[in-house]
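K.L.:
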Amino acid sequence: MTNMMINNLISQRQQGPSKDLKQEPVQNITYEAKKVGATVYSPKGYIVKTPLWKAPIVAVQDGIEEFKSIGRGMKGDSNDHELGKMNDIAMKTGGLAIASYLASTRVLPVKKGMEFVGFAAFLAGMGASKLLIDAPIKALYGFDNNMKYVDSQGRKKPFHRDPLYVPWDLVPSEEINRIGDRMKIDPMMENREEFIKNKVDKISTQSNTMWMLTAGLTTPIIGALLASAAEKGLNSAHKKVETSSVESKINKLGANFENLDSLAEQKVNKNHIEKVNEFLNQNKGKEADDKFFSKLAKLLNTSDEVKIEDHLTEDLKGIFNKTEINDMSEALGDIKITVQHEGKENPFTLTTQVIKEVLEKRGVNSKVKISESEDQIKNGISDVFHKQIADIQDNDLVTKLNTALTEELDKKLKKSTRVITKDKIEDVKGITRVFEKFRVKHNLFNEFLLNQIGQKEDSVCAREWGKASERIIKALGLKNKDLEASKKSSSGAAEVLDKKMLEILGDESGSKFAKTIEGLAKAAGEFDDALDKFSNGDSFVDKTNKMIDTIYTKTAEETKKLKLDKTTEYLSSKESIAEILEKGILYKKPIVGASAQSILKDNIQNSLKGAKGTIYQTIQVLDMYKRIQELEAKKEISKETAKLAKHAALNATYGDHFVKLAIPDHKEYKKVMKVLYSDQLSSATEAALNKSHPNMKTKILNYSAELYNQLGNSKNKFLPDHVVENLEEVKNYAYGQNALRRPNGQIFTELGDRAKQMMKGDTPSNFIKQIAEQKHNTNTWLRTFGAIGGAAALVAVISPVFFGKMDEPKPKKEVSYDA
Amino acid sequence: MVNSNYTNITGSAPTPISYYEPSESIKHQMEKDHDRLVKSNVINRSKASLHKVGQAFTTYPAKGLKGDQNSSFYEFLAMGIIPTIVGSLTMIGLFNGVNNKFSQSSKQEASKIGKKFAVGVVGYLLAKEIAKKVVNKPVQAATGVDLDQPYIKVVREIPPNGYEQGKIRLEYHKAFESSDFPRWDLFHDQGIEHGNRNEYFDKIAKRNGYGTLNASDQEMKPKIRELMIKAKTWSTVLGYTFAATAVGLAAQTPWEELLNNKGQKRGIVGSVKHIASMTGRSFKEMWKGGAKKTKASGIVGKTLLIASAAGAIIAPIATVAGFRKKANTPQTIDESKRYYNA
Chain A
5 MTNMMINNLI SQRQQGPSKD LKQEPVQNIT YEAKKVGATV YSPKGYIVKT PLWKAPIVAV
65 QDGIEEFKSI GRGMKGDSND HELGKMNDIA MKTGGLAIAS YLASTRVLPV KKGMEFVGFA
125 AFLAGMGASK LLIDAPIKAL YGFDNNMKYV DSQGRKKPFH RDPLYVPWDL VPSEEINRIG
185 DRMKIDPMME NREEFIKNKV DKISTQSNTM WMLTAGLTTP IIGALLASAA EKGLNSAHKK
245 VETSSVESKI NKLGANFENL DSLAEQKVNK NHIEKVNEFL NQNKGKEADD KFFSKLAKLL
305 NTSDEVKIED HLTEDLKGIF NKTEINDMSE ALGDIKITVQ HEGKENPFTL TTQVIKEVLE
365 KRGVNSKVKI SESEDQIKNG ISDVFHKQIA DIQDNDLVTK LNTALTEELD KKLKKSTRVI
425 TKDKIEDVKG ITRVFEKFRV KHNLFNEFLL NQIGQKEDSV CAREWGKASE RIIKALGLKN
485 KDLEASKKSS SGAAEVLDKK MLEILGDESG SKFAKTIEGL AKAAGEFDDA LDKFSNGDSF
545 VDKTNKMIDT IYTKTAEETK KLKLDKTTEY LSSKESIAEI LEKGILYKKP IVGASAQSIL
605 KDNIQNSLKG AKGTIYQTIQ VLDMYKRIQE LEAKKEISKE TAKLAKHAAL NATYGDHFVK
665 LAIPDHKEYK KVMKVLYSDQ LSSATEAALN KSHPNMKTKI LNYSAELYNQ LGNSKNKFLP
725 DHVVENLEEV KNYAYGQNAL RRPNGQIFTE LGDRAKQMMK GDTPSNFIKQ IAEQKHNTNT
785 WLRTFGAIGG AAALVAVISP VFFGKMDEPK PKKEVSYDA
Chain B
281 MVNSNYTNIT GSAPTPISYY EPSESIKHQM EKDHDRLVKS NVINRSKASL HKVGQAFTTY
341 PAKGLKGDQN SSFYEFLAMG IIPTIVGSLT MIGLFNGVNN KFSQSSKQEA SKIGKKFAVG
401 VVGYLLAKEI AKKVVNKPVQ AATGVDLDQP YIKVVREIPP NGYEQGKIRL EYHKAFESSD
461 FPRWDLFHDQ GIEHGNRNEY FDKIAKRNGY GTLNASDQEM KPKIRELMIK AKTWSTVLGY
521 TFAATAVGLA AQTPWEELLN NKGQKRGIVG SVKHIASMTG RSFKEMWKGG AKKTKASGIV
581 GKTLLIASAA GAIIAPIATV AGFRKKANTP QTIDESKRYY NA
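Structural data, given as structure tokens:
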């Protein structure tokens, strides 16, 4: 065996070096090499100098190499260098996988983007943590601690990686001496280059250690700071792109949205129409039941206006209804409902005759052919019935009558069969197209609405709200300690605000007051402008109203042709919620709901009013403080009233007004309201507003007037002018056994209350509390981690100053080595 | 305790330079102290990692900050544990540290995110460790090659100016940590002690169906080298797949319950059960598309989970593939031929 190996070696030597080594032998070989007869090859390695512009290209090239190395590794053919590199690319890919997953769980595009930004920021943090040390080293000692070299095998490595193996032979001696000059090393020193190399090695060992010690703190903190800085940029960039895309879509529709229909026509989803046809064909010849109708209605309505489905179901039943009723009484048969009424001698009776009479009085001829569905007849009758019993105050009785009527109608009304025939299917096909078009239009509108005032943190409204909040904090001069006190509770915030207002008024020259009003008016004005900017010319509300009209009315026209009467009514009716409310209270009957248009318009209007109002309130409250100050000086206001007005201004929610702020004396409430929502601003406020934002004056007065009329107003009893005997009555009316909202008054809270609550907006104290909370959270975070990260970074940056301390060799005595 | 290995060989003061032979005691010590394999068991492995981590936090930075000429790349790599630990704690701290100073509602929201983040950081680190085991353990079971085989390296430092003998320190390495220079010599050394230089390679050859070979080391070394490269590649790839999955799991809502004891103590068994339950529910939630059940999240989540499960099975199989001798493989060395000139 040994012989074999030796012989092999000999034959190899005789053949000379193998052919794949293309290096040229070095001419002037060392004595040692000569002594053992070895062939020495010159190194092929070199120092890598990457200009900045080329860095990204190099990074990509390196990345590709790293990827390739994974493939080689899986085949089992790799070296240490490649295996090490593989970890880098795997870490980056793994990081991207994490970011992709986390992004997929996010809904908002910016949040999705942020997952990737976060990862990139972490990598950047890693780079920065090294740069923190390398930059001062470059500045102090003149060498690049992050230098790379390529070895003879073509592997790229950090030059200063292994202090026990630094390839100094690749660095020309002029360069070494240049570094030495920079480090002010005695130019006449013996073995100067060796000394310089040692010193550089020492510094780089120290810096690498320092890097390891500080990176754990600096990398994540710098990463987090970078990410939060990037988020702001990303947010506004994304918003600009999104808004301009929505804007161009809306602009394409023409000034009066005349192109809306043709656009919808283009974007109709044909697959969906096919799907509906398929569903109908599957059910051909079968009998249509309730399940079929609701399923079909769901299929037909592809928009997110889900309430349409209820109306559509009714209409579809009408379309599929085979039998036509010739006479109401024929359908009804004999009805006689008798309910014993407690406390009254005669029982309450309802007969077919009564129903017919009432119907005729209302102009409905019961003899005329009607092709309505059972439910429509049922509803019609119960409508009459409810009118009959409108004056009954006893809720239990109403419920009893209701049950009796429903039972009776179910018994009497003949069930008509509805078979799904070919003709009916043809009828429905037309409907599919109309609703598909409605979906396209509705979605477009929704996109516009979401972009502008959507209940999401990146809508224009939300973002402007954030900016306005900042401005308000600044205008009011709220300091960090104020925010600290405000963030705990709304009452804390109210206290801070109260103190601040008095402080502003305490300035006798009045300049502080004027300046604050100007600042607040600027915040409010810019908020308003930002929202109306998009709808160039029109106000935002006008623009949306116009668009809603176009979309809904056009669709309603088409549904009318298709005899979808209930749906048409729901889509087109412009009856306002107030009108509907009135009816609801009048008839004591649950109203199916307001029309789609009015709900949508009301919601938009009120949420805008609420948002604007919350900001206006800051001006309005400060103005009220001023007026109270003036009234107090003239002794025209009692201490009680002033106190209550201030309390109401800062803290009162809609609910508090509903129970008249729980003030036993109702005349007092009236006084408070007069002070709170006065129809005049103080002269100082007026002067300040006239100077800076003249139109803000009208806006605030209008807002005040509206709140004065609306708050606590639910019919006359709740007008501020109305004097209630005692508080119990109010509370009873609102929450008691016979309260309006029970059982028929749901509509009252659902629509009326909600609308008013939205309009009132947030109370100033809660508004400030919330801003304070956010600001305080950010500040605390920044203070804590900014300090830790800053300290670590400082250590990293300063420590190189103390690196590389070495005693310069003293001139030596001559030493004899051959002892 | 940590510095116990950082001893001067002569015991007391270092010997001044001399040009004579080292003393007998030094020569004796030097002969005894050489790189050697240690038994690969739990005690030794934990001893090795404790030693490495302990030194990384004490001796190595002390040497590094002084710019000691004996600071090595091994020490630099070992110190990598510092940013890993400090960084992980900082990351957890970034999302949890100041939550107590927030108001109640913000605190609750922030702590939900914070908990998930903390679980994510810990999960990330654990996942990478688990991935190594998932590859190396089956490989050991299938081939008998323990890729985690530890050895002690005796480092003789360059003496400072004016001294004869530098310090001697111990480093714990793994015999197969370098694919360019696996420490074959240590296996030979171990064999020599038992009278058979190729003892280890004979064992591996036999175990994997090669039977008795004349030069088992020649035949098995390239095979083992291939095995270790494959194993390292797969465990790296698998490590980050697992890590991504772990972070994904940590992002699920069940982790919001973490440490929500409300005053009652769970005990160790209870805590383990609770963590197991949260993990189980997180798997389910991730599979179904996260808390919001979005389509994209379902797809990416399933992909990660499937990739991890598939990877855990494929990685060890792919690593071992081709290592065992296949039936009917022609002999690499034709023993009838002579390889030298007679």
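Line by line, the protein sequences are chains A and B.
When we follow the working numbering, the leftmost residue of the first sequence carries the number 5, and every step to the right adds one.
When we follow the working numbering, the leftmost residue of the second sequence carries the number 281, and every step to the right adds one.
Cβ coordinates follow ideal geometry from the N, Cα and C atoms, glycine included.
Treat the numbers as computed from the prediction; the structure is a model and nothing was measured.
Quick one: give me the first and last residue of the alpha helix (DSSP H) that A/Y169 is part of.
P.N.:
The residue labelled residue 169 of chain A in the question sits at position 165 within the first sequence. It is not in any alpha helix (DSSP H) - A/Y169 carries neither H nor E in the DSSP assignment.
K.L.:
Look at the alpha carbon of A/I704 and the alpha carbon of A/I476, and state the distance between them as a whole number of angstroms.
P.N.:
Numbered from its first residue, the first sequence carries residue 704 of chain A at position 700. Numbered from its first residue, the first sequence carries residue 476 of chain A at position 472. Their Cα atoms are separated by approximately 16 angstroms.
K.L.:
Cα-Cα, which of A/T223, A/K243 and A/T403 is closest to B/P363?
P.N.:
The residue given as residue 363 of chain B occupies position 83 in the second sequence. Out of A/T223, A/K243 and A/T403, A/T223 has the C-alpha closest to the C-alpha of B/P363.
K.L.:
Thinking C-beta only, is A/K89 closer than 8 angstroms to A/S73?
P.N.:
In the first sequence, counting from the first residue as 1, residue 73 of chain A sits at position 69. In the first sequence, counting from the first residue as 1, residue 89 of chain A sits at position 85. It is a contact, given that the beta carbons lie within the stated cut-off.
K.L.:
Starting from A/E246, trace the alpha helix (DSSP H) in both directions and tell me its first and last residue.
P.N.:
By 1-based counting over the first sequence, the position of residue 246 of chain A is 242. Run containing A/E246: R196 to K256, per the alpha helix (DSSP H) assignment.
K.L.:
May I ask which residues mark the beginning and end of the beta strand (DSSP E) holding A/H446?
P.N.:
Residue numbering aside, residue 446 of chain A sits at position 442 when the first sequence is read from its first letter. Unbroken run through A/H446 is the alpha helix (DSSP H), K426 to I457; no beta strand (DSSP E).
K.L.:
Could you pull the start and end residues of the beta strand (DSSP E) that B/S453 belongs to?
P.N.:
Stepping through the second sequence from its first residue, residue 453 of chain B is reached at position 173. Contrary to the premise, residue 453 of chain B reads as His rather than Ser in this sequence. It spans I448 to K454 - the beta strand (DSSP E) in which B/H453 sits, taken as one unbroken run.
K.L.:
Could you tell me the distance, in whole angstroms, from the CA atom of B/E355 to the CA atom of A/V245?
P.N.:
Reading the second sequence from its first residue, position 75 is the one you call residue 355 of chain B. Reading the first sequence from its first residue, position 241 is the one you call residue 245 of chain A. Whole-angstrom Cα-Cα distance: 50 angstroms.
K.L.:
Which residues in the same chain as A/A234 place their Cβ atom closer than 6 angstroms to its Cβ, once the five residues preceding and following it in sequence are excluded?
P.N.:
Here residue 234 of chain A corresponds to residue number 230 of the first sequence, with the count starting at 1. These residues qualify, in order along the chain: V121.
K.L.:
Return no unless some Cβ of chain B is closer than 8 angstroms to the Cβ of A/E777.
P.N.:
Start at 1 with the first residue of the first sequence, and residue 777 of chain A comes out as number 773. Closer than 8 angstroms to some Cβ of chain B, the Cβ of A/E777 qualifies, so yes.
K.L.:
Between the stretch 237-252 of chain A and the stretch 422-436 of chain A, do at least 3 Cβ pairs fall closer than 8 angstroms?
P.N.:
At 8 angstroms Cβ cutoff, the stretches do not touch.
K.L.:
State the DSSP-derived secondary structure class of B/R436, mapped to helix, strand or coil.
P.N.:
Taking the second sequence and counting its residues from 1, one reaches residue 436 of chain B at position 156. Note: B/R436 maps to strand in three-state DSSP.
K.L.:
Beta-carbon within less than 7 angstroms of A/P804's beta-carbon, same chain only, minus the 5 sequence neighbours each way: which residues are those?
P.N.:
Locating residue 804 of chain A in the first sequence gives position 800, where the first residue counts as 1. Correct list, in chain order: I137, P140, I141, L144 and S211.
K.L.:
For the stretch 198-228 of chain A, which residues have a beta carbon sitting closer than 8 angstroms to at least one beta carbon of chain B?
P.N.:
Correct list: N202, D205, K206, I207, T209, Q210, N212, T213, M214, M216, L217, A219, G220, L221, T223, P224, I225 and A228.
K.L.:
Look up A/Y45 in the DSSP assignment and say whether it is helix, strand or coil.
P.N.:
For this step, residue 45 of chain A is matched to residue 41 along the first sequence. Three-state result, A/Y45: strand.
K.L.:
Kindly list the residues whose CB is nearer than 6 angstroms to the CB of A/L448, restricted to its own chain and excluding five residues on each side of it in sequence; keep chain order.
P.N.:
By 1-based counting over the first sequence, the position of residue 448 of chain A is 444. Cβ within range, chain order: n/a, list empty.
K.L.:
Starting from A/P140, trace the alpha helix (DSSP H) both ways and give me its first and last residue.
P.N.:
For the purposes of this step, residue 140 of chain A is identified with residue 136 of the first sequence, where counting begins at 1. Per DSSP, A/P140 belongs to the alpha helix (DSSP H) from P113 to Y145.
K.L.:
Less than 8 angstroms separating the beta-carbons of A/R437 and A/T306?
P.N.:
Translated into the one-based positions of the first sequence, residue 437 of chain A becomes position 433. Translated into the one-based positions of the first sequence, residue 306 of chain A becomes position 302. No, they are not a contact pair.
K.L.:
For A/L174 and B/S352, what's the separation of their Cα atoms in angstroms?
P.N.:
Position 170 of the first sequence, counting from 1, holds the residue named residue 174 of chain A. Position 72 of the second sequence, counting from 1, holds the residue named residue 352 of chain B. A/L174 and B/S352: Cα-Cα distance of roughly 20 angstroms.
K.L.:
Report the residues of the stretch 802-816 of chain A with a CB closer than 9 angstroms to any CB of chain B, ordered along the chain.
P.N.:
If the cut-off is 9 angstroms between Cβ atoms, the stretch 802-816 of chain A has S803, F807, G808, K809 and M810 near chain B.
K.L.:
Applying a beta-carbon distance threshold of less than 8 angstroms, which residues of chain A neighbour B/G367?
P.N.:
Against the second sequence, residue 367 of chain B aligns to sequence position 87. Those are A219, G220, L221, T223 and P224, listed as they occur along chain A.
K.L.:
Thinking C-beta only, is B/V402 closer than 8 angstroms to B/W361?
P.N.:
Position 81 of the second sequence, counting from 1, holds the residue named residue 361 of chain B. Position 122 of the second sequence, counting from 1, holds the residue named residue 402 of chain B. As written in the sequence, residue 361 of chain B is Ile, which differs from the Trp given in the question. Not closer than 8 angstroms, so no.
K.L.:
Taking DSSP as the reference, what is the three-state secondary structure of B/Y520?
P.N.:
Taking the second sequence and counting its residues from 1, one reaches residue 520 of chain B at position 240. The answer is helix: DSSP assigns B/Y520 an H, G or I state.
K.L.:
Using a Cβ cut-off of 9 angstroms, which residues of the stretch 35-55 of chain A contact any Cβ in chain B, in chain order?
P.N.:
Hits within the stretch: zero.
K.L.:
Could you tell me whether the Cβ atoms of B/R477 and B/G471 are closer together than 8 angstroms?
P.N.:
Your numbering for residue 477 of chain B matches position 197 in the second sequence. Your numbering for residue 471 of chain B matches position 191 in the second sequence. It is a contact, given that the beta carbons lie within the stated cut-off.
K.L.:
Apart from the five residues on each side of it in sequence, which residues of its chain come closer than 8 angstroms, Cβ to Cβ, to A/R76?
P.N.:
One-based indexing of the first sequence puts residue 76 of chain A at position 72. Result list for A/R76: S82 and E86, in chain order.
K.L.:
Using 8 angstroms as the limit for Cβ to Cβ distance, is A/N150 near chain B?
P.N.:
The sequence position of residue 150 of chain A within the first sequence is 146, counting from 1. It does not: the Cβ of A/N150 has no partner Cβ on chain B nearer than 8 angstroms.
K.L.:
I need the boundaries of the alpha helix (DSSP H) containing A/I51, first residue and last residue.
P.N.:
On the first sequence, position 47 is the one that residue 51 of chain A refers to. Careful: A/I51 lies outside any alpha helix (DSSP H), inside the beta strand (DSSP E) at Y50 to V52.
K.L.:
Based on the DSSP secondary-structure assignment, which residues constitute the bridge partners of B/L317?
P.N.:
The residue given as residue 317 of chain B occupies position 37 in the second sequence. According to DSSP, which records beta bridges pairwise, B/L317 is partnered with B/Y431.
K.L.:
From what residue to what residue does the beta strand (DSSP E) around A/Y153 run?
P.N.:
Here residue 153 of chain A corresponds to residue number 149 of the first sequence, with the count starting at 1. Here the beta strand (DSSP E) through A/Y153 covers K152 to V154.
K.L.:
Please classify A/E328: is it buried, with 16 or more other beta-carbons within 10 angstroms of its beta-carbon, or exposed?
P.N.:
Looking up residue 328 of chain A in the first sequence gives position 324. Because the pLDDT of A/E328 is 49, which lies under 50, any placement of that residue in the model is unreliable, and the number read from its coordinates should be weighed accordingly. A/E328 is exposed by the Cβ-count criterion.
K.L.:
Along chain B, which residues have their Cβ under 8 angstroms away from the Cβ of A/L87?
P.N.:
Here residue 87 of chain A refers to the residue found at position 83 of the first sequence. Correct list: S459, I509, K512, T513 and T516.
K.L.:
Taking a contact to mean a Cβ-Cβ separation below 8 angstroms, would you say B/G347 touches A/G808 in this structure?
P.N.:
Position 67 of the second sequence, counting from 1, holds the residue named residue 347 of chain B. Position 804 of the first sequence, counting from 1, holds the residue named residue 808 of chain A. Closer than 8 angstroms, so yes.
K.L.:
Counting pairs of beta carbons, one from the stretch 677-691 of chain A and one from the stretch 705-714 of chain A, are three or more of them closer than 8 angstroms?
P.N.:
Contact between the stretch 677-691 of chain A and the stretch 705-714 of chain A is present, because at least three Cβ pairs lie under 8 angstroms.
K.L.:
Just list the residues that DSSP pairs A/E291 with in beta bridges.
P.N.:
Walking along the first sequence from the start, residue 291 of chain A turns up at place 287. DSSP output for A/E291 lists A/V423 as bridge partner(s).
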